[in-house]
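Numbering (the working numbering), first residue to last: 67 to 682. Notes follow once the structure below has been shown.
Given below as structure tokens:
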């Protein structure tokens, strides 16, 4: 019997980046292919003048770059397990907190959130020699994470630090950052923007890395944030007051003009001395710039007092007369002053963002926030939520359901900022936070208070912000907690032995499967875990609605997001009544997932005539 394309194995891994790149190239440049493979000669001809064939060219490289690129291309076989106990309003909220290694998590998010994220903010390790730097292992990434998440010595000191003595100080950091930023690029919308906090240690290398991944033409700004003020104690040469925020667009041609909210001081400039029905306004100089030499803008204006002013103005005379007729010109209270144009507050989107963030907030404010929330010192200088709120307000307005992603979540400042910003402007933004359960120093007060990892602190911070703390009101929202873990699928759990031949590994794999399948039914599975693994592997949103229903005599999970719908049955056998029902018109071209042994071959063939059948 010929193979039916509507009978498939359910998805077992995250998006295969290589396959997507291949299909994209094949679609856009079919002339570069021969018999389904890339033909390099044809590709060169197709690229023509856009191909750089010179021997000497600029190249940014480091020891370990090839492996870092490989890390991007290897799909993840892991899963995300829901944790309703640690969540708040799990079934209602669309905010996500994911506990796990961000490299694996970013891979798992590729199918579901490809080009869906409006803004990314990250505050990665600065590579000071003392901070935690992820040690990736592309051969066994999940096993590496499960081991690494508990890397502390008997004194509670972190073992995964990157010191100068390693011999590849900058290279190791770049190898850690490259695959994460490459995957982040995939998740950004075409009009999306990424902000990265960094200090002097790696700012130059990060800029070059971002140029390579995002393209130097998509560079937006290197913002300077004044993070501290005061004395110079301990400074040998210069007292460092600043950090940097590097900003890149996914596609700068898709970015609208950016605005930032006016400050309280700027708002005070808007008044309404003539009771204009259009509301508050401020006068702006109507003179033309000194560089303007347009003769048509040189003329005489007679003000109400009769005084005459002759100079080059911002507009030609006809435009001035239109503005005057519309009561948009101000001559002062006495009518004797040179003309100034009225700029109305309700017509102004805000001001152009500045690269110098000087008087917004200091790093110490982050400490104050955490102490107010927990009534105890928690971290040294977490980012203040006001800083991230400032960035959100530049990129995201309150009219969109924008997703804000932070995959170096730390204490959860980004979630705090999103929740407060939504509260202030009635927005509907959603956050996705990713944080490794990095151990906390066992000697610290916060550890003694019951919080063992940074992820624990971040989750508790979000809960307390939602409940309200200090003078801050409660927020009617919540968040879902997921945790990175091994796959629920037995075939994903088998580990190939590099010391054995392919034939030996294949036989061991088949023996393993035969044994595993006997243990699969029915009580040893957690159904909702498998449902969520199907959701993430099939590419549905993690906020997809899950409805428990019946098809025939079988329990079925109906899963739907805004784009797709699928049905999952985890019963050991499908009843005749269910098989009959699934041939109905309402299931035409739907995706139905069940265990491979739940159907006979003939039943599979019959169902595949009406729908797409995927087996576990």
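Note that CB positions come from ideal geometry on N, CA and C, so glycine has one too.
Just the Cα atoms here: how many angstroms apart are residue i and residue j?
i           : j           : result
residue 124 : residue 328 : 42 Å
residue 680 : residue 600 : 10 Å
residue 377 : residue 387 : 16 Å
residue 87  : residue 509 : 48 Å
residue 424 : residue 310 : 12 Å
residue 593 : residue 79  : 18 Å
residue 162 : residue 135 : 28 Å
residue 141 : residue 109 : 26 Å
residue 641 : residue 672 : 14 Å
residue 239 : residue 501 : 18 Å
residue 237 : residue 95  : 35 Å
residue 608 : residue 73  : 25 Å
residue 470 : residue 488 : 12 Å
residue 345 : residue 339 : 10 Å
residue 281 : residue 318 : 10 Å
residue 438 : residue 512 : 14 Å
residue 76  : residue 595 : 15 Å
residue 294 : residue 496 : 30 Å
residue 372 : residue 399 : 14 Å
residue 663 : residue 651 : 25 Å
residue 597 : residue 257 : 32 Å
residue 687 : residue 520 : Absent from the structure is residue 687, since the part of the chain shown begins at 67 and ends at 682.
residue 558 : residue 143 : 6 Å
Give the single residue among the options whose Cα lies nearest to the Cα of residue i.
i           : options            : result
residue 137 : 177, 247, 102      : 247
residue 472 : 388, 189, 579      : 189
residue 260 : 308, 183, 202      : 183
residue 539 : 393, 486, 72       : 486
residue 660 : 544, 522, 555      : 555
residue 482 : 461, 516, 467, 525 : 525
residue 418 : 484, 497, 449, 287 : 287
residue 334 : 511, 411, 275      : 411
residue 491 : 504, 467, 506      : 467
residue 324 : 304, 170, 456      : 456
residue 476 : 154, 499, 622, 494 : 499
residue 283 : 549, 403, 179, 321 : 321
residue 748 : 98, 302, 103       : Since the displayed the chain opens at 67 and closes at 682, residue 748 lies outside it and no answer follows.
residue 194 : 265, 120, 271      : 265
residue 349 : 292, 670, 409      : 409
Drop a sphere of 10 angstroms on the beta-carbon of residue i, count the other beta-carbons inside from all chains shown, and report buried for 16 or more, exposed for fewer.
i           : result
residue 145 : buried
residue 666 : exposed
residue 106 : exposed
residue 289 : buried
residue 220 : Caution is warranted here: a pLDDT of 45 is assigned to residue 220, below 50, making its placement in the model unreliable, and the coordinate value is therefore given only provisionally. Exposed is the call here.
residue 479 : buried
residue 391 : exposed
residue 361 : exposed
residue 352 : buried
residue 569 : exposed
residue 459 : buried
residue 658 : buried
Could you give the DSSP three-state label for residue i: helix, strand or coil?
i           : result
residue 126 : coil
residue 202 : coil
residue 445 : coil
residue 369 : coil
residue 265 : coil
residue 646 : helix
residue 668 : helix
residue 418 : coil
residue 74  : strand
residue 184 : strand
residue 737 : With the chain covering 67 to 682 only, the question about residue 737 has no answer from this structure.
residue 378 : strand
residue 387 : helix
residue 637 : coil
residue 407 : strand
Considering only residues of the stretch 455-519, which uninterrupted alpha helix (DSSP H) runs meet the minimum length of 4 residues and lie entirely inside it, listed in chain order? 479-491, 511-514
List in chain order: all unbroken alpha helix (DSSP H) runs of 4+ residues lying wholly within the stretch 126-176. 131-139
Can you list, in chain order, the stretches of the beta strand (DSSP E) that have 3 or more residues and sit fully within the stretch 294-362? 308-315, 347-351
Ranges of the beta strand (DSSP E) found wholly within the stretch 536-606, counting only runs of at least 3: 546-551
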